[in-house]
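My numbering applies: residue 22 is where the sequence shown begins, and numbers increase by one.
Structure, as structure tokens:
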Amino acid sequence: MAGGSELVAKSRRPEDTEPILFGTSGWRGILGEEVTFRRLRALARATARWFNERAPNGRVLMGYDTRFASERMARVVAEVLQREGLRPALSKGPIPTPVLSHATLKRRVVGALMLTASHNPPDYHGLKVFAPSGGGIVDADARRIESWVRFGSDSPGHPLPEIPVVDLAASYRRNLLALLDCDRLRKARLRVCYDAMHGVGAGVLDVVLRSTGVEVEVLRGIPDPWFGGGAPEPIPERLRALAATVRRQSGHCLGLATDGDADRLAAVLPDGRIVNETQALALLVDHLARTGRARRGVAITHATGSLVEKVALHHGLRIERRPIGFKHLSVALQSGVADVAGEESGGFAFARMGRDKDGILAGCLLIELAASLGGDLRARLDELEKDFGRSTCGRCAIPADAPLELALERLSSLPPDSVGDAVVRDVSSDDGLRLTLDDGFVMFRRSGTEPALRIYAEARGRRQLANRMRDGEALLRRVASEMV
């Protein structure tokens, strides 16, 4: 399979003059078009230079998922690192991204590289670079690596030593079990349905839970580079099978789903309702604070719902709002201002396990919370929303054009007094334009990965959220039409 994928990659590569650019979370693109073996080698050489600046001859961990050609791509990158004087070690088989992040934090390495396209469709692939802290590299480092990319010779050169293979998953599972309240989990005798979405979470999340006595039913647990014909993204339209199974079969305390590389999580209640990202993060923050494991603070993005902030402040935890992109939250975890981090798209991290998104950890902690509540999260969620108000968040993207770009600039310099019927109470330009309202917010931001403008919003319920997002787009288009 790997050899065939490499032949495909050679057939439709971009010109060598087309730059390699990092997006919000690493470099991604369609395999055989944007992501080719030649371009991958060029990026690996540039990344090796960045590693060598920090620790010449340093150790670098290599991980990969179950997408087409992943192992072959990981070995190609490892060979480049070897030729550049570094000491790469390859994971023993495909692993979740959180496993690699955890290993990078716990071992003395100069960094790590993960071959994955996370939740993107099956024809995508990519590379993610981890700093020694286990978090994604910051923008300044990404720009330096991009500037060093050169398309030189791909000749094999002299023979290289065999690349060592290391088991990174075993220590991850062991440390995760040490973090969990295993006695409570065993006594609760819970039943969970887990949708691995044909990704690499299967064999890790389910194994950890089963070792604590939790009964786990696995859906889509067999690795499939096609992911069953769709993107391995735990969004509502991809969670219908999980919701139907949880609702149909009595006894499940929760349904869990992770994306392709298991760094994001979604949860489904016993009645089939999907727990939105803000609700899940609020439950996790509340649980970690109540059990004394969150003491310093919580880092969230500007697009994260206010329920999380209210719960954190209630427990006396400091709130750090950062730009969109988990790498910005990783910096907060690394600096020590926060020990918990979460974002609007289902990412969650706890500093003791890692500095990047971890859907496996998030799922296990939600099950631990369910065990403490007799198996049902609904009462705690209802309690939080009663005390602090309901929160429903969402986002959409609209194709960017010159008038809309100018309209966003105009709104940033002259913010409106209202959005629809809602009065603007506060304005922030830290990451795009964020307008705080009485019961939520509207946020406008240029996409970091595509030619689009994104609108993020929060409201009390789904209907109000849909109206708010329509009001936000209408505001942007009205300003654009006035400038013509």
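We treat Cβ as the ideally placed atom computed from N, Cα and C, and that holds for glycine.
Sort out for me which residues DSSP pairs residue i with in a bridge.
i: G368; result: R285
i: D188; result: DSSP, once it has assigned bridges, lists no residue as partnering D188.
i: S449; result: R455
i: Y215; result: V239 and L277
i: E479; result: C414 and F462
i: W247; result: Answer by DSSP bridge pairing: none, since W247 is not bridged.
i: S322; result: What sits at residue 322 in the sequence shown is Thr, not Ser. In DSSP, T322 forms a bridge with R343.
i: L474; result: I419 and R467
i: L52; result: V56
i: V296; result: A288
i: G47; result: G44
Taking 8 Å as the threshold (C-beta atoms), are residue j and residue i in contact?
i: G234; j: L206; result: yes
i: P436; j: L456; result: yes
i: H123; j: Y215; result: no
i: A320; j: A359; result: yes
i: P253; j: G281; result: yes
i: R343; j: A353; result: yes
i: I243; j: H219; result: yes
i: A288; j: L305; result: no
i: L458; j: F465; result: no
i: A400; j: C274; result: no
i: G132; j: F72; result: yes
i: T45; j: P246; result: no
i: V187; j: K127; result: no
i: V500; j: A418; result: no
i: L338; j: G318; result: yes
i: V440; j: G493; result: yes
i: L290; j: L398; result: yes
i: R268; j: D292; result: yes
i: R416; j: I476; result: yes
i: H146; j: L52; result: yes
i: L506; j: L198; result: Any question about residue 506 goes unanswered here, given that the chain covers just 22 to 505.
i: G396; j: A209; result: yes
i: F371; j: L309; result: yes
i: G375; j: T325; result: no
i: L263; j: L230; result: no
i: D377; j: F409; result: no
i: D452; j: H323; result: yes
Nearest to residue i by alpha carbon, out of the options?
i: L61; options: I158, V130, V131 and G173; result: G173
i: E236; options: V97, G272, E258 and D245; result: G272
i: I340; options: R93, L425 and E330; result: E330
i: G2; options: P142, V267 and L305; result: Since the displayed the chain opens at 22 and closes at 505, residue 2 lies outside it and no answer follows.
i: F89; options: A138, A133 and F72; result: A138
i: F369; options: S351, G357 and Q355; result: S351
i: L496; options: L425, L458 and V186; result: L425
i: S502; options: R431, Q485, D452 and R446; result: R431
i: P182; options: R96, L226 and R164; result: R96
i: V130; options: V150, R316, A421 and D408; result: V150
i: W301; options: L148, L387, L226 and G155; result: The sequence shown places Ala at residue 301, not Trp. Nearest of L148, L387, L226 and G155 to A301, Cα basis: L387.
i: M490; options: D452, C414 and G326; result: C414
i: W48; options: R75, V170 and R128; result: V170
i: A69; options: A99, F43 and L42; result: A99
i: E479; options: S468, E494 and D460; result: D460
i: I158; options: R484, S439, F43 and A262; result: F43
i: L9; options: S327, V221, S232 and S91; result: Given a span of 22 to 505 for the chain in the structure shown, any question on residue 9 remains unanswerable.
i: R498; options: V444, N488, D422 and F347; result: D422
i: V140; options: V440, A372 and S366; result: The amino acid occupying residue 140 in the given sequence is His; Val does not appear at that position. Nearest option by C-alpha distance: S366.
i: P180; options: V101, L240, N196 and R75; result: V101
i: D403; options: A303, V239 and G453; result: A303
i: V444; options: H335, V239 and F462; result: F462
i: L486; options: D451, D442, G453 and R446; result: D442
i: I41; options: E167, M94 and N78; result: E167
i: R75; options: A217, I256, A152 and M94; result: A152
> Enumerated in chain order, which unbroken segments of the alpha helix (DSSP H) with a length of 4 residues or greater are wholly contained in the stretch 109-170?
Replying inline: Segments of the alpha helix (DSSP H) lying fully in the stretch 109-170: 118-127 and 160-168.
> Three or more beta-carbon pairs under 8 Å between the stretch 65-72 and the stretch 99-108, yes or no?
Replying inline: When Cβ pairs closer than 8 Å are counted between the two stretches, the stretch 65-72 is seen to touch the stretch 99-108, the count reaching three or more.
> Counting pairs of beta carbons, one from the stretch 279-297 and one from the stretch 114-133, are three or more of them closer than 8 Å?
Replying inline: In short, these stretches touch, since the Cβ pair count reaches three.
>> Count Cβ pairs between the stretch 378-392 and the stretch 82-91 that sit closer than 8 Å; are there 3 or more?
In response: Touching, no.
>> Threshold first: 4 residues or longer. Then list the alpha helix (DSSP H) segments lying entirely within the stretch 330-362, N to C.
In response: Within the stretch 330-362, the complete alpha helix (DSSP H) runs of at least 4 residues are 347-356.
>> Which complete beta strand (DSSP E) runs does the stretch 405-452 hold, if anything under 3 residues is left out?
In response: Those beta strand (DSSP E) runs which fall completely within the stretch 405-452 and span 3+ residues are 413-420 and 447-449.
>> Whether or not the stretch 251-267 and the stretch 49-61 are in contact is what I'm after, with contact meaning three or more pairs of Cβ atoms, one per stretch, closer than 8 Å; do they touch?
In response: Taking a cut-off of 8 Å for Cβ pairs, the stretch 49-61 and the stretch 251-267 do not touch, as fewer than three such pairs fall below it.
> Which parts of the stretch 73-99 are runs of the beta strand (DSSP E), unbroken and 3 residues or longer, counting only runs that do not cross its ends?
Replying inline: Segments of the beta strand (DSSP E) lying fully in the stretch 73-99: 80-85.
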